[in-house]
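Numbering (our numbering), first residue to last: 923 to 1261.
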């Protein structure tokens, strides 16, 4: 073989070797992701059968995972229900077309509630409910603890209500305020202070109209306008659901059905302080009526009705002391309805 042929042969061999090496590198670079870290395609939890009906489908890709806020289920309707002896949250949820955790969260529960407790059942869109729309109303809370729910029907019409908040704050007491939409907008700082102090909020209508004289559409409008007024001041994360109190305590079977169908639990009372009934009351009258009108054995679970009147505002320091002397604790409506 000549030198010229020998050099050509070496060049061809070298080229073939380079092509072989490049081809081998190419195979390794394509195959690498198949043996790479599992975090490229994260494991997704398997949803329950019920949750699968409301959860969006998820397609795994090779792109990095992004944690998204879960989409809340779409609510088709609401109904009312009263706990019976054999009930569990799971059995109610199965009949009501909802999930136990949603039932728990919507009613602000921490455990299975006491027998007789009224609940709002939110039916999830696409899941069948066999529960009828039941006209319920709450009169009393859990009777197993010496707790009472102090509730105020008021808005921003009395500028001295700020003094009431000062008294409650100093005593480390949280109460439930049923708000009037058309008056709370006149004192937005009052509402902001209620929220900042940790008080609970409920719906008391927009114009304080007798609901027995309103149509279904008018009732819905009253509820929604109050929701909008409150959230317009403190934002959408502050809810006045699920509690509602009828103006004047006046209701009909039809009004109950409409309010419940809008996702509200109607709340009446166990004890009326009479602070807004009849002739003007003194602070002493209000304090003593709240503390002593019911026998002590009937106080546990009592829902106490008061208003933001001057007499009640002035009576509150003495009222809280009298209740404490009787070993009665003041709590929010949610805490007293409790489990």
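Idealized CB from N, CA, C, for every residue including glycine.
- Item | Stretch pair the segment 1075-1091 + the segment 1022-1041: three plus CB contacts closer than 8 angstroms | The segment 1075-1091 and the segment 1022-1041 do not touch, with fewer than 3 CB-CB distances between them shorter than 8 angstroms.
- Pick out whichever of 1139, 1230 and 1074 has its Cα sitting closest to the Cα of residue 1100. Position 178 of the chain shown, counted from the first residue, corresponds to residue 1100. Ranking 1139, 1230 and 1074 by Cα distance to residue 1100 puts 1074 first.
- Message: Tell me the rounded alpha-carbon separation between residue 1193 and residue 1210.
- Response: Here residue 1193 refers to the residue found at position 271 when the chain shown is read from its first residue. Here residue 1210 refers to the residue found at position 288 when the chain shown is read from its first residue. Taking the straight line joining both Cα atoms gives about 12 angstroms.
- Item | Span separating the alpha-carbon of residue 1049 from that of residue 1032 | Here residue 1049 refers to the residue found at position 127 of the chain shown. Here residue 1032 refers to the residue found at position 110 of the chain shown. Roughly 24 angstroms between the two C-alpha positions.
- Task: Please look up how many angstroms separate the CB atoms of residue 1222 and residue 1067, rounded, as I've assumed it's under 8 angstroms.
- Result: Counting from 1 along the chain shown, the entry for residue 1222 is found at position 300. Counting from 1 along the chain shown, the entry for residue 1067 is found at position 145. Indeed they touch by this definition, with Cβ atoms about 6 angstroms apart.
- Message: So for residue 1004, helix, strand or coil by DSSP?
- Response: Looking up residue 1004 in the chain shown gives position 82. Three-state DSSP puts residue 1004 in a strand.
- Task: Please look up how many angstroms separate the CB atoms of residue 1273 and residue 1253, rounded, as I've assumed it's under 8 angstroms.
- Result: Outside the shown range of the chain (923 to 1261) lies residue 1273, about which nothing can therefore be said.
- Leaving out the 5 sequence neighbours to the left and right, which residues in its chain are closer than 6 angstroms to residue 1181 when beta-carbon positions are compared? Start at 1 with the first residue of the chain shown, and residue 1181 comes out as number 259. Answer for residue 1181: 1166 and 1188, listed in chain order.
- Query: Excluding sequence positions up to five away, which residues of its chain have a Cβ less than 6 angstroms from the Cβ of residue 1015?
  - Reply: Within the chain shown, residue 1015 is the residue found at index 93, counting from 1. So the qualifying residues of the chain are 1021, 1022 and 1025.
- Please report the residue range of the beta strand (DSSP E) in which residue 1098 lies. Mapped onto the chain shown, residue 1098 falls at position 176. Residue 1098 -> beta strand (DSSP E) spans 1098-1101.
- Task: Report the rounded CA-to-CA distance for residue 1230 versus residue 998, giving the unit in angstroms.
- Result: Position 308 of the chain shown, counting from 1, holds the residue named residue 1230. Position 76 of the chain shown, counting from 1, holds the residue named residue 998. For residue 1230 and residue 998, the gap between their C-alpha atoms comes out near 36 angstroms.
- Neighbourhood of residue 1128 by C-beta distance below 6 angstroms, restricted to the same chain and skipping five residues each side: Here residue 1128 is taken as the residue at index 206 of the chain shown, counted from 1. Cβ within range, chain order: 1103, 1104, 1144, 1147 and 1148.
- Task: Per DSSP, which residues does residue 1040 bridge with? Please list them.
- Result: Locating residue 1040 in the chain shown gives position 118, where the first residue counts as 1. DSSP, once it has assigned bridges, lists 1004 as partnering residue 1040.
- In chain order, what residues of the same chain have a beta carbon less than 7 angstroms from the beta carbon of residue 1185, not counting five sequence neighbours either side? Here residue 1185 is taken as the residue at index 263 of the chain shown, counted from 1. Result list for residue 1185: 1000, 1042, 1044, 1163 and 1164, in chain order.
- Query: Closest to residue 1228 by CA distance: which of 1241, 1218 and 1219 is it?
  - Reply: Here residue 1228 refers to the residue found at position 306 when the chain shown is read from its first residue. Cα-wise, what sits closest to residue 1228 is 1241.
- Name the DSSP beta bridge partners of residue 1071, please? In the chain shown, the residue the question calls residue 1071 occupies position 149. Residue 1071 pairs with 1225 and 1253.
- Query: For residue 1218, does the count of other Cβ atoms within 10 angstroms reach 16, so buried, or fall short, so exposed?
  - Reply: As a working mapping, residue 1218 is identified with position 296 in the chain shown. An exposed status is given to residue 1218, since fewer than 16 other beta-carbon atoms sit within 10 Å of its beta-carbon.
- Message: Quick check on the burial criterion: 16 or more other C-beta atoms within 10 angstroms. Buried or exposed for residue 1037?
- Response: Looking up residue 1037 in the chain shown gives position 115. Of the residues assessed, residue 1037 falls on the exposed side of the cut-off, its CB having fewer than 16 other CB atoms within 10 angstroms.
- As assigned by DSSP and simplified to three states, the class of residue 983: Numbered from 1 along the chain shown, position 61 holds the residue referred to as residue 983. For residue 983, the predicted model reports a pLDDT of 33, less than 50, meaning its position is unreliable; a value from the coordinates is still stated below. In the structure shown, residue 983 adopts coil according to DSSP, grouped into three states.
- Inter-residue spacing [alpha-carbon to alpha-carbon] between residue 1176 and residue 1200: Position 254 of the chain shown holds residue 1176. Position 278 of the chain shown holds residue 1200. If I take the Cα positions, the gap works out to 28 angstroms.
- Message: Can you check which of these residues, 1249, 1212, 1161 and 1047, is closest to residue 1114 by C-alpha distance?
- Response: Locating residue 1114 in the chain shown gives position 192, counting from the first residue. For the set 1249, 1212, 1161 and 1047, the Cα lying nearest the Cα of residue 1114 is the one of 1161.
- Task: Quick one: using the 10 Å Cβ neighbour count with 16 as the cut-off for buried, is residue 1195 buried or exposed?
- Result: Looking up residue 1195 in the chain shown gives position 273. When all chains shown are included, residue 1195 counts as buried.
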